Amino acid sequence: MNIIVLSRNAALYSTDSIVRAAKKRNHYVRVLDHMACDLVIEEDKLEVYYNGQKIERVDAIIPRIGNSATTHGSAVIRQFEGMGVFTALGSDPLLKSRDKISCLQILASNGIKVPRTAISNNSYMASQMLDLVGPSPHVLKLASGTHGMGVMLSKDKQNAEGILEAFGRTNKILIQKFISEAKGCDVRAFVVDGQIVGVMKRQAQEGEFRSNLHRGGHSYVVPLSPLEEKVALNACKLMGLNIAGVDMLQTHQGPMVLEVNASPGLEGIENTTKVDIAKKIIEFVEKNAK
Ligand code: ADP
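Heads up: the sequence shown begins at 712 in my numbering, then just goes up one per residue.
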């Protein structure tokens, strides 16, 4: 097959793993920077250009779209979709999952537990919104943050109000109930093609509540309970994602989903679980691309 990996940097661990897995299985694979893909749109004629060259005869794309490239990245994916090319990540699921608000709305409206969350367009509503979520502490999150950046723990209401008033005008900020019983841990279930292929528990470093590996957290292998497995698979299905990392907090009320990541990194999960996830991604593409 002729496979394109959309990625800003061929040297990134995840991109490199996918390329090597594709080559091992005798595919022709190239990495294109989606931010350098130019699009031409005309009735029944969608074209992608890269460095002035038309990209043709592609069987499948595997998009690895970072947070800052979501808008153009999703346009590039949609262009390939319009050209009839199989994509491992759809443009709509990418947009829906990238926005923390729409992700929580889709999950919660389908009965998946999420931490109680409030959003207001008006910073003068800060005090009431905080009260609507519950007593302090609160977690405040930028709607478009990633790797734990833009996720804050506010221990008192005055402090939370200050943050919302200062930054709420220019940023969409989610106010969330702090789930203390998670004890600085979350569980990431990596899903490929409706199967859980790897699971790791991440523990935040001392004095930190965010368990992201980028924030110094450490990870280890854990089994998933049947309920956690069901929730993770259902969350992917609801978001329309075939490849995803589902982050869950283990709470007294069962698993609560924080987010469903559409371009989950492979380094942490492969090193922790020793599972060749890149190979599973290529097998999924082989099964589905024409
Ligand atoms: P990001 O997408 O930036 O990783 P998350 O919403 O996943 O943002 O939050 C980062 C980390 O912060 C999570 O992995 C979890 O450890 C912690 N966290 C997030 N929300 C809550 C919450 N409501 N209660 C307790 N811990 C939380």
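C-beta atoms are modelled at their ideal positions from N, C-alpha and C, and glycine is treated no differently.
Note that the structure is a prediction, hence the values are computed from the model and not measured.
Kindly list the residues whose CB is nearer than 7 Å to the CB of residue i, restricted to its own chain and excluding five residues on each side of it in sequence; keep chain order.
{"i": "Ala1000", "result": "Met712, Asp770, Ala771 and Phe797"}
{"i": "Asp897", "result": "Arg913, Ser922, Asp958, Met959, Leu960 and Leu969"}
{"i": "Val740", "result": "Ile714, Val716, Val730, Ala733 and Lys734"}
{"i": "Leu924", "result": "Arg913, Ser930 and Gly979"}
{"i": "Ile856", "result": "Position check: residue 856 holds Gly in this sequence, whereas Ile was assumed. Around Gly856: Val862."}
{"i": "Pro975", "result": "Phe901, Ala955 and Gly956"}
{"i": "Ser725", "result": "Arg775, Gly976, Leu977 and Glu978"}
{"i": "Lys811", "result": "Lys852, Ala854, Leu885 and Glu970"}
{"i": "Phe878", "result": "Ile884"}
{"i": "His963", "result": "Glu892"}
{"i": "Glu919", "result": "Gly895, Arg926 and Gly927"}
{"i": "Ile890", "result": "Pro826, Leu960, Thr962 and Met967"}
{"i": "Ser813", "result": "Lys807"}
{"i": "Pro848", "result": "Leu864, Ser865, Lys866 and Phe889"}
Can you tell me whether residue i is buried or exposed? The criterion is at least 16 other CB atoms within 10 Å of its CB, across all chains shown.
{"i": "Pro826", "result": "buried"}
{"i": "Ile776", "result": "buried"}
{"i": "Met959", "result": "buried"}
{"i": "Pro934", "result": "exposed"}
{"i": "Ser785", "result": "buried"}
{"i": "Arg880", "result": "exposed"}
{"i": "Val742", "result": "buried"}
{"i": "Arg809", "result": "buried"}
{"i": "Gly905", "result": "exposed"}
{"i": "Met1025", "result": "Past the boundaries of the shown model lies residue 1025; the chain is included only from 712 to 1001, so the question cannot be answered."}
{"i": "Ile788", "result": "buried"}
{"i": "Ser718", "result": "buried"}
{"i": "Lys756", "result": "exposed"}
{"i": "Gln790", "result": "buried"}
{"i": "Lys807", "result": "buried"}
{"i": "Leu938", "result": "exposed"}
{"i": "Val932", "result": "exposed"}
{"i": "Gly859", "result": "buried"}
{"i": "Ile752", "result": "exposed"}
If contacts are defined as beta-carbon pairs under 8 Å, then residue i and residue j qualify, I think. What distance do you get, rounded to the angstrom?
{"i": "Ile980", "j": "Gly909", "result": "5 Å"}
{"i": "Leu805", "j": "Thr781", "result": "7 Å"}
{"i": "Met950", "j": "Ile817", "result": "6 Å"}
{"i": "Glu758", "j": "Lys765", "result": "6 Å"}
{"i": "Asp749", "j": "Tyr760", "result": "4 Å"}
{"i": "Leu875", "j": "Ala837", "result": "4 Å"}
By Cβ distance below 8 Å, which residues in the same chain neighbour residue i in space, the five residues on each side in sequence not counted?
{"i": "Ile992", "result": "Ile729, Ala732, Ile773, Ala799, Val903 and Ile954"}
{"i": "Asn762", "result": "Ala747"}
{"i": "Cys947", "result": "Val902, Gly905, Asn953, Ala955, Val957 and Val971"}
{"i": "Ala721", "result": "Asp727, Val730 and Val742"}
Could you name the residues of the same chain whose beta carbon sits closer than 6 Å to that of residue i, not counting the 5 residues immediately before and after it, in chain order?
{"i": "Gln839", "result": "none"}
{"i": "Val996", "result": "Ala771 and Ala799"}
{"i": "Ala829", "result": "Met840, Leu843, Val844 and Ile886"}
{"i": "Arg899", "result": "Met911, Gly956 and Asp958"}
{"i": "Lys888", "result": "Pro826, Arg827, Val844 and Gly845"}
{"i": "Ser820", "result": "none"}
{"i": "Asp987", "result": "none"}
* To do: At 4 residues or longer, and completely inside the stretch 720 to 759: list those alpha helix (DSSP H) runs for me, N to C.
  => 724 to 735
* Run through the stretch 751 to 802 for me and flag every whole beta strand (DSSP E) of 3 or more residues, listed as ranges in chain order. => 756 to 761 and 771 to 774
* Completely contained beta strand (DSSP E) runs for the stretch 866 to 897, where each covers 3 or more residues -> 884 to 888
* Let me know the beta strand (DSSP E) ranges lying completely inside the stretch 938 to 966, each 3 residues or longer, listed in chain order. => 954 to 962
* In chain order, which alpha helix (DSSP H) runs of at least 4 residues are fully inside the stretch 827 to 854? -> 837 to 844
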